[in-house]
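**Student:** Letter by letter, the sequence shown follows residues 1 to 351 of full-length UniProt numbering.
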Amino acid sequence: MTTAMISCRQGLTLLFGRGAGLRQLSRTMSSAIHNKQHLVIALGGNALLKRGDPLTVENQRKNIADGVSSLLPILKENTVTIVHGNGPQVGLLALQGAAFQKESGVVPMRLDVLDAETEGMIGYLIEQEVDAQIGRGRGMVTVLSQIIVDQADPAFHNPTKFIGPVYTEEEAKKVDGVVKRDGDYFRKVVPSPLPIRLIDQQMAALRLLTDNDCIVVCAGGGGIPVIENNKSGRLEGVEAVIDKDHAAAMLGINLNANGLMILTDVNAVATDYNTPEIKWIKSVSPEQLETMMKYFPPGSMGPKVEAAINFVKKSKGWCTIGSLKEADKMISKKAGTLITNEYGPNHVKYF
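As structure tokens, then:
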């Protein structure tokens, strides 16, 4: 049995014990992995479901298996925290809830509850594929992730993220929450606030597990957004969607990760994308990248670039954005876009 497996399993044993035991384990059991990099990996939706594929378990298993295969060298050689998307899965659950409501009159589950459901489902599928390809000599855990957001975030006054099924105008009048026109129909929209932090007890568990070389799946779908009720002291779920790349950057900063890998279905970050003037960026400073934000649409590359800038500015680490299929090359700077402070504030280099 490996040292990493012993420490991870002992960590799980003590996780629900006294806090002193948890802290002592974190201090004493991590010496064997100090030479490893700690990487936070944000998996895009293509890692779970290819564009146009039916949303079946079989399709998701195959795509996750392919994704894990691409990540295998990284998973074996580094301490890894995995963040994933959940848009199609939440959409399917919302549709199922809406269909059941028509038959039974039962009000569908709230979005924060659907987020929790998808975290468990997708985490389970990822764990199975990692177990199959790496083996059981390496600990792996999925952490249900409640992430604090600010009640005063401007996003709550301007919900823009479409979720769930489409409605006719008459049906839309009966929908709880804010509904906006989406083409010829109407859909529910929810806010997309910025993540502040993972709740304390879950962050303590996450640190313990990563300090002892567990592969951890965390903040799936951006996490479950919650607010702190100042009167009752309770955490309350809110109907919102946190961007998964922003959540990954937040975790990376709080975990002092060495690197953030944002994996998607394009080879690198580009200016003038989908035009004859396209230029692929090889490396760039966060300061220089900030001056180029006009090239990155809010609905696609924009949040990834913002997350990269935030992580590199607030940590001592680097970020790389590129294709899941080239993940191993991205580590050695042979593929993807590297965002780093290494070359000075005005640096940008193209392929």
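Cβ atoms here follow ideal geometry from the backbone N, Cα and C, with glycine treated the same way.
Mind the definition here: the region 155-163 touches the region 228-241 only if three or more C-beta pairs lie below 8 Å; say whether that holds.
**Tutor:** Contact between the region 155-163 and the region 228-241 is present, because at least three Cβ pairs lie under 8 Å.
**Student:** Using the C-alpha atoms, what's the distance from R51 back to S315?
**Tutor:** Counted from its first residue, the sequence shown places residue 315 at position 315. Counted from its first residue, the sequence shown places residue 51 at position 51. Going by the C-alpha atoms only, they are around 34 Å apart.
**Student:** With DSSP run on the structure shown, which of helix, strand or coil describes R136?
**Tutor:** On the sequence shown, residue 136 is found 136 positions in, with the first residue counted as 1. Note: R136 maps to coil in three-state DSSP.
**Student:** Using 8 Å as the threshold, is the region 142-154 in touch with the region 105-119, meaning 3 or more CB pairs across them?
**Tutor:** Short answer: they touch.
**Student:** Could you name the residues that DSSP lists as bridge partners for H84?
**Tutor:** Locating residue 84 in the sequence shown gives position 84, counting from the first residue. Answer is L43, bridged to H84.
**Student:** Given a threshold of 16 other Cβ atoms within 10 Å of its Cβ, counted over all protein chains shown, does E103 qualify as buried or as exposed?
**Tutor:** Translated into positions along the sequence shown, residue 103 becomes position 103. Classification for E103: exposed.
**Student:** So for I126, helix, strand or coil by DSSP?
**Tutor:** For this step, residue 126 is matched to residue 126 along the sequence shown. Helix.
**Student:** Any contact between the region 222-232 and the region 190-202? By contact I mean 3 or more CB pairs, one from each, below 8 Å.
**Tutor:** The region 222-232, when compared against the region 190-202, does touch it at the 8 Å Cβ threshold.
**Student:** Between I227 and chain B, is the shortest Cβ-Cβ distance under 8 Å, so that the two count as touching?
**Tutor:** Of the protein chains in this structure there is only one, and it is not chain B.
**Student:** Taking Cβ to Cβ, would you say L49 is nearer than 8 Å to P108?
**Tutor:** As a working mapping, residue 49 is identified with position 49 in the sequence shown. As a working mapping, residue 108 is identified with position 108 in the sequence shown. Cβ atoms of L49 and P108: not closer than 8 Å.
**Student:** I'd like the list of long-range same chain contacts for E171, defined as Cβ closer than 8 Å, with 5 residues on each side in sequence excluded.
**Tutor:** Residue mapping note: residue 171 aligns to position 171 of the sequence shown, counting from 1. F186.
**Student:** Distance check for K304 and T168, CA to CA, integer angstroms please.
**Tutor:** Sequence index remark: in the sequence shown, residue 168 carries index 168 (1-based). Sequence index remark: in the sequence shown, residue 304 carries index 304 (1-based). Taking the straight line from one Cα to the other gives about 33 Å.
**Student:** From the DSSP secondary-structure annotation, give me the bridge partner or partners of L198.
**Tutor:** For this step, residue 198 is matched to residue 198 along the sequence shown. BP columns for L198 point to I147.
**Student:** In chain order, what are the residue ranges of uninterrupted beta strand (DSSP E) at least 3 long that sit wholly in the region 49-118?
**Tutor:** Entirely contained in the region 49-118, the beta strand (DSSP E) runs reaching 3 residues are, in chain order, 79-84.
**Student:** Using 10 angstroms around the beta-carbon of R207, count the other beta-carbons present and answer buried if the total reaches 16, otherwise exposed.
**Tutor:** Locating residue 207 in the sequence shown gives position 207, counting from the first residue. With 16 or more Cβ atoms within 10 Å of its Cβ, R207 is classed as buried.
**Student:** Starting from D245 and walking both ways along the alpha helix (DSSP H), at which residues does that stretch end?
**Tutor:** Working through the sequence shown from its first residue, we reach residue 245 at position 245. D245 -> alpha helix (DSSP H) spans 244-254.
**Student:** Apart from the five residues on each side of it in sequence, which residues of its chain come closer than 7 Å, Cβ to Cβ, to E228?
**Tutor:** Walking along the sequence shown from the start, residue 228 turns up at place 228. Correct list, in chain order: I148, L235.
**Student:** Can you look up F311 in the DSSP assignment and give me helix, strand or coil?
**Tutor:** Within the sequence shown, residue 311 is the residue found at index 311, counting from 1. Three-state result, F311: helix.
**Student:** Could you spell out the range, first to last residue, of the beta strand (DSSP E) harbouring P225?
**Tutor:** The residue you call residue 225 lines up with position 225 of the sequence shown. 224-228 is the span of the beta strand (DSSP E), which, as asked, contains P225.
**Student:** Relative to the alpha-carbon of T271, which residue among F296, P286, E129 has its alpha-carbon at the smallest distance?
**Tutor:** Translated into the one-based positions of the sequence shown, residue 271 becomes position 271. Minimum Cα distance to T271 is reached at F296.
**Student:** What's the gap between the Cα of L72 and the Cα of Q133?
**Tutor:** The residue you call residue 72 lines up with position 72 of the sequence shown. The residue you call residue 133 lines up with position 133 of the sequence shown. When rounded, the distance between both Cα atoms is 8 Å.
**Student:** Measuring alpha carbon to alpha carbon, tell me which of M250, S232, V216 ends up nearest L194.
**Tutor:** In the sequence shown, counting from the first residue as 1, residue 194 sits at position 194. For L194, the nearest C-alpha among the options comes from M250.
**Student:** Please list the terminal residues of the continuous beta strand (DSSP E) segment that includes I326.
**Tutor:** Counting from 1 along the sequence shown, the entry for residue 326 is found at position 326. Before going further, note that residue 326 is Glu rather than Ile in the sequence given. Neither: E326 is in no beta strand (DSSP E) and is coded neither H nor E.
**Student:** Buried or exposed for S333, please, with buried defined as at least 16 other CB atoms from any protein chain shown within 10 angstroms of its CB.
**Tutor:** Here residue 333 is taken as the residue at index 333 of the sequence shown, counted from 1. The residue you asked about is not Ser; residue 333 is Lys in the sequence shown. The residue is exposed, with fewer than 16 neighbouring Cβ atoms inside 10 Å.
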